[in-house]
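*Asks:* Handing you a structure now.
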Amino acid sequence: MQATTSPIDCWFWTGWGASTVEGKLLSSLGKIAGIGGVALGIFLLLFQGVLQQKFMPGTGLDSSHAFAVIMSLMLLTFGVAAIGVFAWLIARTTGPQTPVSGPILTILTALIVLVIAAAVYEGAQAGGDLNPKVTPQAIQTITKLVEDEDRTAWSGGRDEPNPGCQDHDVDSCISPLHGGTFVPRSAAFVTRSMSDPTAIRTNYKLTTDKPYHICFSLHAQTGACETRYEMIGHASGLEQYETNGSL
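Residue 11 is where the sequence shown starts when you use the working numbering, and the numbers rise one by one after that.
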């Protein structure tokens, strides 16, 4: 008579085989976690100073924050290693053919969660705020010279038409460049060149002297079209503004 296999026997055999494989897997994972965790933990322990002083500052962490992160990683690695050794001992004690019970797997899972939570808590408590604190810089008062480009006022000259004999005015004006104001009575006109100053054919005058605007008017005049009179110069003034060192 040929033997038959019932569905219950198939289910029992499949479940038993899965449990046996699960035990072998637990043993292998325990070895990997134990050896890897111990190795990584020893590495962090030996090179703690180098990591804290050389590598961690490059991520924006100061010394105290770097120490907290390293301690948290060491707690995590050694904790996982201990759980791995514990899992390997359980699998070895029960034997490779003995299925691992659900409560043991639950305990191992709870231990892993507990170690991760402890590592996160350790890092958060010791590190505090991971954002680097910026020390406010002292406000400084800066004074800088502001100058206009050279302007030219002219009148007369050879081969010039009759309108060239008339008077000509050119303005040279400046405004603050850094959001400040001009120092009172700092307005000045810088003369580059002037034709026949003894004849007072060319001159300038201050037309605007305000905290936010300084303006000079250049004037050239002549009664003889054959002679060219010109004046070259520009307005200047001292701007004063406050800064915290970013400008």
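Cβ coordinates follow ideal geometry from the N, Cα and C atoms, glycine included.
Only a predicted model underlies this, so the values are computations on that prediction, with no experimental measurement involved.
What is the DSSP secondary structure of residue 147, reduced to helix, strand or coil?
*Replies:* Within the sequence shown, residue 147 is the residue found at index 137, counting from 1. Three-state DSSP puts residue 147 in coil, outside helix and strand.
*Asks:* Rank 150, 157 and 159 by C-alpha distance to the C-alpha of residue 253 and give the top, closest one.
*Replies:* Taking the sequence shown and counting its residues from 1, one reaches residue 253 at position 243. The shortest C-alpha separation from residue 253 is found at 150.
*Asks:* State the DSSP-derived secondary structure class of residue 124, mapped to helix, strand or coil.
*Replies:* Counting from 1 along the sequence shown, the entry for residue 124 is found at position 114. Helix.
*Asks:* Taking the alpha carbon of residue 99 as the reference point, which residue from 53, 39, 128 and 133 has its own alpha carbon closest?
*Replies:* Against the sequence shown, residue 99 aligns to sequence position 89. Residue 39 is the option with its Cα nearest to residue 99.
*Asks:* In the DSSP assignment, find the unbroken beta strand (DSSP E) run with residue 218 in it and report its ends.
*Replies:* What you label residue 218 is simply residue 208 of the sequence shown in a count that begins at 1. Per DSSP, residue 218 belongs to the beta strand (DSSP E) from 212–220.
*Asks:* Taking Cβ to Cβ, would you say residue 237 is nearer than 8 Å to residue 225?
*Replies:* For the purposes of this step, residue 237 is taken as the residue at position 227 of the sequence shown. For the purposes of this step, residue 225 is taken as the residue at position 215 of the sequence shown. The answer is no: Cβ separation not under 8 Å.
*Asks:* What three-state label does DSSP hand residue 254 in the structure shown?
*Replies:* Here residue 254 corresponds to residue number 244 of the sequence shown, with the count starting at 1. Three-state result, residue 254: coil.
*Asks:* What residues are listed by DSSP as bridge partners for residue 239?
*Replies:* Here residue 239 refers to the residue found at position 229 of the sequence shown. According to DSSP, which records beta bridges pairwise, residue 239 is partnered with 165.
*Asks:* Closer than 6 Å by C-beta to residue 120: which residues in its own chain qualify, once you throw out the five before and the five after it? Chain order, please.
*Replies:* For this step, residue 120 is matched to residue 110 along the sequence shown. Around residue 120: no qualifying Cβ.
*Asks:* Helix, strand or coil for residue 182 per DSSP?
*Replies:* Residue numbering aside, residue 182 sits at position 172 when the sequence shown is read from its first letter. DSSP places residue 182 in strand when its eight states are reduced to three.
*Asks:* Just reading off the beta strand (DSSP E) that residue 198 is part of, what are its end residues?
*Replies:* As a working mapping, residue 198 is identified with position 188 in the sequence shown. Run containing residue 198: 198–204, per the beta strand (DSSP E) assignment.
*Asks:* State yes or no: is the beta carbon of residue 119 nearer than 8 Å to at least one beta carbon in chain C?
*Replies:* Protein chains in the displayed structure number just one, and chain C is not present.
*Asks:* Between the beta-carbon of residue 129 and the beta-carbon of residue 74, is there less than 8 Å?
*Replies:* As a position in the sequence shown, residue 129 is number 119, starting the count at 1. As a position in the sequence shown, residue 74 is number 64, starting the count at 1. Cβ distance not < 8 Å, so residue 129 and residue 74 don't count as in contact.
*Asks:* Going by Cα to Cα distance, which pick from 147, 131, 203 and 89 is closest to residue 228?
*Replies:* Reading the sequence shown from its first residue, position 218 is the one you call residue 228. The residue with the shortest Cα to Cα distance from residue 228 is 203.
*Asks:* State the DSSP-derived secondary structure class of residue 82, mapped to helix, strand or coil.
*Replies:* Residue mapping note: residue 82 aligns to position 72 of the sequence shown, counting from 1. Residue state, collapsed to three classes: helix.
*Asks:* Give me, in chain order, the residues of the same chain whose beta-carbon lies closer than 7 Å to that of residue 185; leave out the 5 immediate sequence neighbours on both sides.
*Replies:* What you label residue 185 is simply residue 175 of the sequence shown in a count that begins at 1. Correct list, in chain order: 222 and 223.
*Asks:* Is it the case that the Cβ atoms of residue 214 and residue 166 are separated by a distance below 8 Å?
*Replies:* As a first step, residue 214 is located in the sequence shown; it is residue number 204 there, counting from the start. As a first step, residue 166 is located in the sequence shown; it is residue number 156 there, counting from the start. Their beta carbons are not under 8 Å apart, which means residue 214 does not touch residue 166 by this criterion.
*Asks:* On the CB-based measure, 16 or more other CB atoms within 10 Å of its CB, does residue 195 come out buried or exposed?
*Replies:* Taking the sequence shown and counting its residues from 1, the one referred to as residue 195 is at position 185. Exposed: under 16 other Cβ atoms inside 10 Å.
*Asks:* Put residue 91 into one of helix, strand or coil per three-state DSSP.
*Replies:* Walking along the sequence shown from the start, residue 91 turns up at place 81. Correct three-state label for residue 91: helix.
*Asks:* Would DSSP call residue 132 helix, strand or coil?
*Replies:* What you label residue 132 is simply residue 122 of the sequence shown in a count that begins at 1. Residue 132 falls in the helix class under three-state DSSP.
*Asks:* Using a threshold of 8 Å, state whether the C-beta atoms of residue 125 and residue 90 are closer than that.
*Replies:* Translated into positions along the sequence shown, residue 125 becomes position 115. Translated into positions along the sequence shown, residue 90 becomes position 80. Going by C-beta atoms, residue 125 is nearer than 8 Å to residue 90.
*Asks:* So if DSSP puts residue 156 in a beta bridge, which residue, or which two residues, is it bridged to?
*Replies:* On the sequence shown, residue 156 is found 146 positions in, with the first residue counted as 1. DSSP lists 247 as partners of residue 156.
*Asks:* May I ask you to report which of helix, strand or coil DSSP gives residue 119?
*Replies:* Counting from one through the sequence shown, the residue named residue 119 turns up at place 109. In this structure, residue 119 counts as helix in the three-state DSSP scheme.
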